[in-house]
Amino acid sequence: RCLVVKEIVGLKTARFHLGDAQLWLEDRPDRYDLIVASGVLYHMQDPIRFLRAMAARTDSLFLWTHYVDDEAMPPTDPRRGAFVSTPEAVEENGVRVIMYPRTYMGAWKSASFCGGMHDIHRWMDRASLIDLLRTYGFDDIEVWGDQPDHPYGPAFCLYAKRSA
Numbered sequence: 017r018c019l020v021v022k023e024i025v026g027l028k029t030a031r032f033h034l035g036d037a038q039l040w041l042e043d044r045p046d047r048y049d050l051i052v053a054s055g056v057l058y059h060m061q062d063p064i065r066f067l068r069a070m071a072a073r074t075d076s077l078f079l080w081t082h083y084v085d086d087e088a089m090p091p092t093d094p095r096r097g098a099f100v101s102t103p104e105a106v107e108e109n110g111v112r113v114i115m116y117p118r119t120y121m122g123a124w125k126s127a128s129f130c131g132g133m134h135d136i137h138r139w140m141d142r143a144s145l146i147d148l149l150r151t152y153g154f155d156d157i158e159v160w161g162d163q164p165d166h167p168y169g170p171a172f173c174l175y176a177k178r179s180a
């Protein structure tokens, strides 16, 4: 889809790559004006590692992602049915990050599956995600399009940039 848009709009300097975005970011020294990860973060086994890799390569980041928020999606919410164990708390840059292991529940058997490469992936707690980006130096963070009632779980758009 990205390539189609690039051709239709006539984008000359944009490039799109297909593959493991995390390894690409970790293995290359390139810097990018903007990294867009729309519908990517919540498919990652280790979303912290992915955020760290993106933060190392850009000063501007756009995310559209699902997140966990106990108020928007309490533990009794049916949308939590795919979460497979208790939340995991880890520390990164002095921030207590809460992650929620989740399964695709066999969805990869369908030809229409468009999830991640591994069955177990982790959604992040909303507050942890924002706090973590701040520790990576993103001091200007805007959230919009918040959808706490999204059918698959709360989701939002986030733009983060370093002002310095």
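For the sequence shown, our numbering begins at 17 and goes up steadily by one. Idealized CB from N, CA, C, for every residue including glycine.
For residue i, the first and last residue of its enclosing beta strand (DSSP E)
i	result
Gln235	A question about residue 235 goes unanswered here, because the residues of the chain that appear run from 17 up to 180.
Lys28	Counting along the chain, Lys28 falls outside any beta strand (DSSP E), and DSSP gives it neither H nor E.
Ala180	Note, Ala180: premise wrong, no beta strand (DSSP E); not H, not E.
Neighbourhood of residue i by C-beta distance below 7 Å, restricted to the same chain and skipping five residues each side
i	result
Glu108	Ile64 and Leu148
Gln61	His134, Ile136, His137 and Arg138
Asp75	Lys177 and Arg178
Tyr168	His82 and Arg95
Contact set for residue i: own chain, Cβ-Cβ below 6 Å, skip 5 residues either direction
i	result
Asp85	Arg142 and Pro170
Ala176	Leu77, Leu149, Phe154 and Ile157
Phe32	Cys18 and Leu19
Val111	Asp147, Leu148 and Thr151
Ala30	Lys22
Val159	Phe172 and Leu174
Close Cβ partners of residue i (< 8 Å) along its chain, the five nearest in sequence each way excluded
i	result
Ala71	Leu77, Leu149, Tyr152, Gly153 and Phe154
Asp196	Nothing about residue 196 can be reported from this structure: the residues present for the chain run from 17 to 180 only.
8 Å contact criterion, which residue i and residue j should meet: CB distance rounded
i	j	result
Leu4	Tyr83	The first residue shown for the chain is 17 and the last is 180, placing residue 4 beyond what the model contains.
Could you tell me which whole beta strand (DSSP E) segments of length 3 or greater appear in the stretch 86–167? 104–108, 111–118, 137–140 and 156–163
Evaluate the contact criterion for the stretch 41–53 versus the stretch 131–143: three or more CB pairs, one atom per stretch, below 8 Å. In short, these stretches do not touch, since the Cβ pair count stays below three.
Contact between the stretch 96–106 and the stretch 17–29 is defined here as three or more beta-carbon pairs at a separation below 8 Å; is this criterion met? The stretch 96–106, when compared against the stretch 17–29, does not touch it at the 8 Å Cβ threshold.
Ranges of the beta strand (DSSP E) found wholly within the stretch 31–80, counting only runs of at least 3: 51–54
May I ask you to verify whether the stretch 114–125 touches the stretch 25–44, counting CB pairs closer than 8 Å and requiring at least 3? no
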